[in-house]
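Just so we're aligned, residue 495 is where the sequence shown starts under this note's numbering, counting upward by one. For glycine and all other residues, C-beta sits at the position ideal for the given N, C-alpha and C. Values in this document were obtained by computation on a predicted structure and should not be read as measured data.
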Amino acid sequence: MVLQLIVFFVLVKTTHTACTKSSWLTSFDSAGQSMCDEVDYYIRGFERSSANGDHSLNRLEGVECCSAPTPWSDMELLVVYQDWTYDLDTGNHWVFCPNGYFLQGLQRSQGRNLDNIEAARCTKPAIHPHRHSDCYDEDISSCFDGTGLCSCRENYFVTGLYRSKCNSLQCLDKLECCKMADKLEELDGVSKVKTRIMDATLSNMANLAHLMGYGWCSGCMSNYVGEDFYRDGETWKANQNGTCNGYKSDQRLSLVFSNWKFTIKNIKYGESVTDEIQPSTLDKGMTRNNDSETATDTYEISETIMETITHSSTSSWTNRIDLGLSVTVQIPLMFPQSSLSSTSTFTTSFEQSSSNTKDQSTANSKTFKKTIEKSIAPFSAAEYEVILHKTRTTVPYTATIIAKFSTEFRGFLRWDGGNDSPTSNYHYQFKGSEDRPTFNYRFGDDSEAFYSALKKEIITRSKPWLWKDIITNYPDTQHLINRLIDESQYEFTLSGTFEHVAGKRIDVLWNKVSMIKREAHFGSRSRRQCNIIKGTHYARPGPNDAPAIVKYPEVTLVNSEPYREGPHYVENKSA
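The following block contains the structure:
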């Protein structure tokens, strides 16, 4: 199956990225985090100041940061903090961002050495694959002994650091440099569809939970809402690695995805292609004439041919049965040459590849009849073969599939200043409550999708949430909600074909067979015999029939609510 999820599933040419320098002149002199100035830029290189015998960590004065190439710009981000607390304590050792992530900043503790780098801020465009493209090691051992900028090649970003034997800055000897992927990862299984959706929605869901009033909507290492979550099965959990400070700081937000279903939203059919495929043999046999005179036989042939329809996909999933999809088509509309009635339908599951239309409620067979006479010379034999000529009509399609699921927000509701505070929770019963109650709330269920349930609550302003108050106090909430209820984020396409094969006509081929004289014996003179040949067969493609060449309909899935960067909310440590 050819799959596409939103408009970004295209092959792309490498483009030159924009680069800037972010100064760490003062920020990296003491404990804390330093990162690229632009939230959607990634580190390409490091700049250090003059040595003069000083190779302490505060000589790291800045970074060169570059934008992501097309199509990875202008989308939500996933940010994790990779704990390097002990990884840089020993020499001759590599440290890395997770697969698919790129370095965007560093956290350091008090001290002067490389082992004071405690964590890496690693970021990826939300729907970037969990893998890097081309990678190589950049040797900066000579470059980093003195003053200057030491960088990866153009269009590469830093994904790892190598410390050699010593513990000072000049022993930062190598950078692992990787490119971003050229395209989105092909969706060849349900698990990859789920990953794509969970990655795409994490940031917006966590920010929505924060605005609704949930406490601790980020991991302990991050100051910003929606960052530093890890995936546990089909649940996003805010990471508790690092130092967690604040009331109930050990009770952090979780987002639980469940009730996954997939339905066909639309099918677009392309132009059909009709061709004649290789004939097949229905029956064969031999007749003998042992007489001394010519014998003439009559053959009455009646072959009933059942039409078949085959559903084929253009590439395979690892387990198509997980989709749970079936499609029903009106056979006469798709295949006008079919013998089925105007109300006949054909239903197939996506995990199945073919079916014969005998399973339908309406008869769909055609009987071909032929009467022939065959004269056979004395003392000879003839072989006959009944041949079926078949026509095949192939109809390509592109189906738009939409994923449905529910999401439960799990956590406690903030107090944060009381009922009059705009940063308190917005539950109509618990707003301003100092109890900070645990309150799990699910959007959607087995029958209603997350995005449908959220949209309905916003339109109807239904409780328990004070939606009007939230949007009034945080106007950007509406854009965030619009992104989450945009169904195109949850759509992808499958392409394939339906093939209808039917009988066209039957022919009889004859082949003379010589008889050894001793096989013959004299008997009566000329004779006449009637032979009846009949049977029921399915019209199917043969193993040597190549698939028809078809053009699949193009379907472009475009987000109705384009991405734009919104506020970056900072966690209130008092909750």
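{"Asked": "Validate contact between the stretch 990-1007 and the stretch 729-736 using beta carbons, cut 8 Å, 3 pairs", "Found": "no"}
{"Asked": "When V750, Y741 and L702 are compared against Y724, the one with the closest alpha-carbon", "Found": "V750"}
{"Asked": "Beta-carbon proximity check, T653 vs H622, cutoff 8 Å", "Found": "no"}
{"Asked": "Residues sharing a beta bridge with E443, DSSP", "Found": "Residue coverage of the chain in this structure runs from 495 to 1069, which leaves residue 443 outside it and unanswerable."}
{"Asked": "Those residues which DSSP pairs with W959 across a bridge", "Found": "H921"}
{"Asked": "At least 3 beta-carbon pairs within less than 8 Å: the stretch 690-706 vs the stretch 757-777", "Found": "no"}
{"Asked": "8 Å Cβ shell around T579 - same chain, five flanking residues per side excluded", "Found": "E612 and A613"}
{"Asked": "Reference S524; option with closest CA among M699, C616, N753 and N607", "Found": "N607"}
{"Asked": "C-beta neighbour in chain B for R647, strict 8 Å", "Found": "The structure shown has no chain B; it contains just one protein chain."}
{"Asked": "Contacting residues, own chain, Cβ-Cβ under 8 Å from P931 (five flanking each side not counted)", "Found": "F906, L907 and F924"}
{"Asked": "Identified DSSP bridge partners for F903", "Found": "L749 and Y935"}
{"Asked": "Sequence-distant residues of the same chain with beta carbon closer than 8 Å to T757, five excluded per side", "Found": "L819, I895, I896 and K898"}
{"Asked": "Separation of S946 from D940, as counted between CA atoms", "Found": "12 Å"}
{"Asked": "Residue from R936, D744 and N661 with nearest C-alpha to L958", "Found": "Residue 958 is actually Pro in this sequence, not Leu. Comparing Cα-Cα distances from P958 to each of R936, D744 and N661, the minimum goes to R936."}
{"Asked": "Q846 versus F992: straight-line alpha-carbon distance, rounded", "Found": "Residue confidence is low: Q846 scores 44 on pLDDT, short of 50, so the model does not pin down where it sits. Its coordinate-derived value is still stated next. Approximately 12 Å, taken between the alpha carbons."}
{"Asked": "Cβ-based burial, I803 [other Cβ within 10 Å; buried from 16]", "Found": "buried"}
{"Asked": "I866 to P1041 span [Cα, whole Å]", "Found": "35 Å"}
{"Asked": "G594, buried or exposed, once every other Cβ within 10 Å from all chains shown has been counted against 16", "Found": "buried"}
{"Asked": "6 Å Cβ shell around R782 - same chain, five flanking residues per side excluded", "Found": "A875"}
{"Asked": "DSSP three-state assignment for E985, whether helix, strand or coil", "Found": "strand"}
{"Asked": "Inter-stretch contact (C-beta, 8 Å, three-pair minimum) for the stretch 994-1004 and the stretch 779-797", "Found": "yes"}
{"Asked": "Segment contact, 8 Å Cβ cut-off, at least three pairs: the stretch 681-690 with the stretch 644-652", "Found": "no"}
{"Asked": "Beta-carbon proximity of L669 to K618, cut-off 8 Å", "Found": "no"}
{"Asked": "Contact the stretch 584-599 vs the stretch 635-644: 3+ CB pairs below 8 Å", "Found": "no"}
{"Asked": "Buried/exposed call for R1058, threshold 16 Cβ in 10 Å", "Found": "exposed"}
{"Asked": "Rounded C-alpha distance that separates D534 from S567", "Found": "8 Å"}
{"Asked": "V687 versus T695: straight-line alpha-carbon distance, rounded", "Found": "12 Å"}
{"Asked": "Per DSSP, the bridge partner or partners of E558", "Found": "K515 and G539"}
{"Asked": "Contact check, C671 vs C629, beta carbons under 8 Å", "Found": "yes"}
{"Asked": "Residue range of the unbroken beta strand (DSSP E) whose run includes S528", "Found": "G526 to M529"}
{"Asked": "Which of helix, strand or coil DSSP assigns to T971", "Found": "helix"}
{"Asked": "Top-ranked residue by Cα proximity to S1070, from Y891, C591, D914 and E981", "Found": "The structure shown does not extend to residue 1070, since the chain is modelled only from 495 through 1069, so no value can be given for it."}
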